[in-house]
Each structure stands twice: as C-alpha cells, then as structure tokens.
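In the numbering used here, the protein residues as written are 26 to 220.
No residue lacks a Cβ here, since even glycine has one placed at the ideal position from N, Cα and C.
I have placed the structure first, in the form of structure tokens, so that the comments after it can refer back to it.
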C-alpha cells in the first residue's frame, strides 16, 4: 500500500512538473513575455537587454516607408485640389526614391545617437512611470498570427493608442518589435517632446 502511494505521488509530481515546464516554454514564446522582458530591462536600467527586443533598423525602414507614403497626393490631387502635372509627379516620385535610398544610410550613420536618445528617455522615466509600463503591457491587446503580432497599447489617461508590430524569430522563438505605426508614433512624439 505504501509503495502504491509513493508511486502515485511520484507520478503526480512528474506530471505536474511536465505541465509547469510546458506552460513556461509556451509563455516564453509569446509576445507578451517579450514585452514584460522589455519592461523589466527598463526597470533594471539594462538598455542592452532592452535593445535585444527591438530591431531599430526594421522600425526605421518601416517609418521611412510610411512617411514617404504619407507624402503621396491624396485623391491624386494637390493641396489646391488641382491634379498634379507630370513634372510635379515625376519630382515627387524622384524625391521619394531619393529618401528611401538616403535615409537608411543616414540611420546607419546616426544609429548610436538614436539609441542614445532612446536610452536617455527611458533612463529618465520615474519609478511610477516604469511601474505603469507593466500595467500597460498587462492590458495590451495582442493579435498574433503565426510569427507576426500586432500589439496595441492604450494610454488610460489620454486614450491615445500606440500600435506596433512584433515578429518571432523561427529558431530562437524570441519576439522583437519590428515596426511602429507611423501616425501613432507622431502623436506620441508630439505629446512627449513638443509640450
């Protein structure tokens, strides 16, 4: 009888351990876990760890693409409502191509300064602001499809949203931020730095 009890307890412990390890393995492969790790890195002032979860080059490329698309003529007309002439369309297209070529090269030149500015902003957050980041991550809406995720974080005070894209590396299962919604970012930057 005692042997059966020990066997049963051992079996329960092993099954429980497998379930817990399986859950931890699953949890570590989620975008929310990556977001929590980013917040923990900010709270611990570990910027190298924070940047492990950010692909600045991909984010910058997406912003450049969205910003150049933002320059397109709405409804195929200029500000005064008249259709653009051939020269205006040609020069506009040339300007977009030039920007798409030049701006990524500028990023590689100024990457360390961009990182430095982001670090300075994050390091200057107060303790209550970093604790608030944890709450934002807990309330984030995450729509995941395969290796991609769309994350929406809403500021509870202003109801302003910040949407960004995350992508999971297929081999390491680590999630990284690879894109930020251009219009949401413009609103955030205006709110934070243009006050």
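Taking a contact to mean a Cβ-Cβ separation below 8 angstroms, would you say residue 201 touches residue 79 in this structure? Indexing the chain shown from 1 puts residue 201 at position 176. Indexing the chain shown from 1 puts residue 79 at position 54. Going by C-beta atoms, residue 201 is nearer than 8 angstroms to residue 79.
Tell me whether residue 199 sits in a helix, a strand or coil according to DSSP, three-state version. The sequence position of residue 199 within the chain shown is 174, counting from 1. Correct three-state label for residue 199: coil.
Contact defined as beta carbons within less than 8 angstroms: I believe residue 72 pairs with residue 144. What is the distance between those atoms, to the nearest angstrom? If you number the chain shown from 1, residue 72 lands on position 47. If you number the chain shown from 1, residue 144 lands on position 119. Beta-carbon to beta-carbon, residue 72 and residue 144 are separated by about 5 angstroms, close enough to satisfy the 8 angstroms threshold.
The ligand MG heavy atom lying under 7 angstroms from the CB of residue 108: The ligand MG is not among the ligands present in this structure, which contains no ligands whatsoever.
Have a look at residue 133 and residue 211 and give me their C-alpha separation to the nearest angstrom. Here residue 133 corresponds to residue number 108 of the chain shown, with the count starting at 1. Here residue 211 corresponds to residue number 186 of the chain shown, with the count starting at 1. Taking the straight line from one Cα to the other gives about 22 angstroms.
When the distance is taken between beta carbons, is residue 177 closer than 8 angstroms to residue 186? Here residue 186 refers to the residue found at position 161 when the chain shown is read from its first residue. Here residue 177 refers to the residue found at position 152 when the chain shown is read from its first residue. For the pair residue 186 and residue 177, the CB atoms are nearer than the 8 angstroms cut-off.
What is the DSSP secondary structure of residue 188, reduced to helix, strand or coil? Along the chain shown, read from residue 1 onward, the residue named residue 188 stands at position 163. Looking at residue 188 - three-state DSSP - the assignment turns out to be strand.
Between which residues of its own chain and residue 70 is the CB-CB distance below 7 angstroms, once the five residues before and five after are set aside? Within the chain shown, numbered from 1, the residue matching residue 70 stands at position 45. For residue 70, same chain residues with a beta-carbon under 7 angstroms away, outside a window of 5 residues either side, are 148 in chain order.
Restricting to Cα atoms, I'd like to know which of 161, 189, 142 and 153 is closest to residue 206. The residue given as residue 206 occupies position 181 in the chain shown. Per the C-alpha coordinates, the member of 161, 189, 142 and 153 positioned closest to residue 206 is 189.
Report the partner residues of residue 204 according to the DSSP bridge assignment. By 1-based counting over the chain shown, the position of residue 204 is 179. DSSP output for residue 204 lists 190 as bridge partner(s).
Less than 7 angstroms between C-beta atoms, sequence neighbours within five positions excluded: which residues of the same chain meet that for residue 175? Indexing the chain shown from 1 puts residue 175 at position 150. Apart from sequence neighbours up to five positions away, the residues of its chain that approach residue 175 with a beta-carbon distance below 7 angstroms are 168, 188 and 190, ordered along the chain.
Could you pull out every residue in the same chain whose Cβ sits closer than 6 angstroms to the Cβ of residue 42, ignoring the five residues on either side in sequence? Here the question's residue 42 lines up with position 17 in the chain shown. None.
With H, G and I counted as helix, E and B as strand and the rest as coil, what does DSSP make of residue 30? Numbered from 1 along the chain shown, position 5 holds the residue referred to as residue 30. In this structure, DSSP gives residue 30 a helical state, which the three-state scheme calls helix.
Taking residue 170 as part of the alpha helix (DSSP H), name the residues at either end of that continuous run. As a first step, residue 170 is located in the chain shown; it is residue number 145 there, counting from the start. Not the alpha helix (DSSP H): residue 170 falls in the beta strand (DSSP E), residues 166 to 170.
What do you reckon, are the CB atoms on residue 67 and residue 155 nearer than 8 angstroms? If you number the chain shown from 1, residue 67 lands on position 42. If you number the chain shown from 1, residue 155 lands on position 130. Result yes, Cβ atoms of residue 67 and residue 155 sit closer than 8 angstroms.
Between 91, 82 and 120, which lies nearest to residue 130 when the distance is taken from Cα to Cα? Walking along the chain shown from the start, residue 130 turns up at place 105. Residue 130 has its Cα closest to that of 82, out of 91, 82 and 120.
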